[in-house]
Structure formats: structure tokens, C-alpha cells
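Just below is one structure, and these are the notes that go with it.
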Amino acid sequence: AGFDINARETNRDLGRWGWEQDGDGCCGYDLFSPTALKHWTLFIDIFHNEAEMVNATFVAEVKAKMTEYIDLYLSAFEEGHWSLWNGNNWTPWLSEGAMYWAVAMWHDDPTRAEKV
88 AGFDINARET NRDLGRWGWE QDGDGCCGYD LFSPTALKHW TLFIDIFHNE AEMVNATFVA
148 EVKAKMTEYI DLYLSAFEEG HWSLWNGNNW TPWLSEGAMY WAVAMWHDDP TRAEKV
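Residue numbering for the sequence shown follows our numbering, starting at 88 and increasing by one per position.
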């Protein structure tokens, strides 16, 4: 079966995770995104060489998906979106996922990482 790069969280209590909520579609990068970013960032950071030897296409797909969501995070920041700018409890959680990505991808994508 393997990993589903397009997985979405269906039930928090079951420990399943995904890239974004299925419901309101307010933000693109939302409360579900940091968990996926943290997971895949650590996966790529720790297993990159081994994973590329086994399935380079998969690694490229994961990196592309992470880049897509970092771009959504950066867009929300640059646009002053409420999820990052109104001082609510979303801000640190959303930023944590982005920081995991920025640290792990600093050498691969320094321009985006510096923006984060």
C-alpha cells in the first residue's frame, strides 16, 4: 500500500493526518497542514538518500507537495490572512509546521526558507 501523498485527516482520534481540512476550505494551509509538513519534512530529512534510491519519483512528489503548502503559508503571511495575523491560537501551530520545513529545506530552497 505505502504512503498516500494526498491523504487527508478523517478522524483525529484515529491518528490519521492530511494536508488540509476537508470542510470549510478557508485557507489552503490550515490546522491540518503543519502535521503533514512535520511528518514529511522529517521523513525527507532523515531518509532522503535511502528513499531516493528506492523511489526517486515519490521523493520528488513529496517535495513538490511540501513546496505547494509552503507557498500557501507564505501567501497567507504576505496577504495578512487572519490565520497568521490576528493573534489567535492558529498562528504558532501553523508557523511550527513551516519552521520544520524551513530548517530541513534550508539548503534545497534557501529563498523560500528565508521567507519563512
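C-beta atoms are modelled at their ideal positions from N, C-alpha and C, and glycine is treated no differently. Treat the numbers as computed from the prediction; the structure is a model and nothing was measured.
Inter-residue spacing [alpha-carbon to alpha-carbon] between G184 and T122 | One-based indexing of the sequence shown puts residue 184 at position 97. One-based indexing of the sequence shown puts residue 122 at position 35. Near 7 angstroms, if we compare the C-alpha coordinates of T122 and G184.
Close Cβ partners of L159 (< 8 angstroms) along its chain, the five nearest in sequence each way excluded = Here the question's residue 159 lines up with position 72 in the sequence shown. C114, G115, Y116, S120.
Can you check the stretch 126-203 for any alpha helix (DSSP H) of at least 4 residues that lies completely inside it and give the ranges in chain order?
-> Counting only runs of at least 4 residues, the stretch 126-203 fully encloses the following alpha helix (DSSP H) elements, listed from N- to C-terminal order: 169-172, 177-191, 197-202.
Where S170 and L161 are concerned, what is the direct C-alpha to C-alpha distance, given to the nearest angstrom?
-> Residue 170 sits at position 83 when you count from the first residue of the sequence shown. Residue 161 sits at position 74 when you count from the first residue of the sequence shown. About 12 angstroms.
By a C-beta neighbour count over all protein chains shown, 10 Å radius and 16 as the cutoff for buried, is I157 buried or exposed?
-> Sequence index remark: in the sequence shown, residue 157 carries index 70 (1-based). By the neighbour-count rule (16 or more Cβ atoms within 10 Å), I157 is buried.
For the candidate residues V203, H126, P179, whose alpha-carbon lies nearest to that of K152?
-> For this step, residue 152 is matched to residue 65 along the sequence shown. Comparing alpha carbon positions, the residue from V203, H126, P179 closest to K152 is H126.
Does DSSP classify L124 as helix, strand or coil?
-> Here residue 124 corresponds to residue number 37 of the sequence shown, with the count starting at 1. It is helical.
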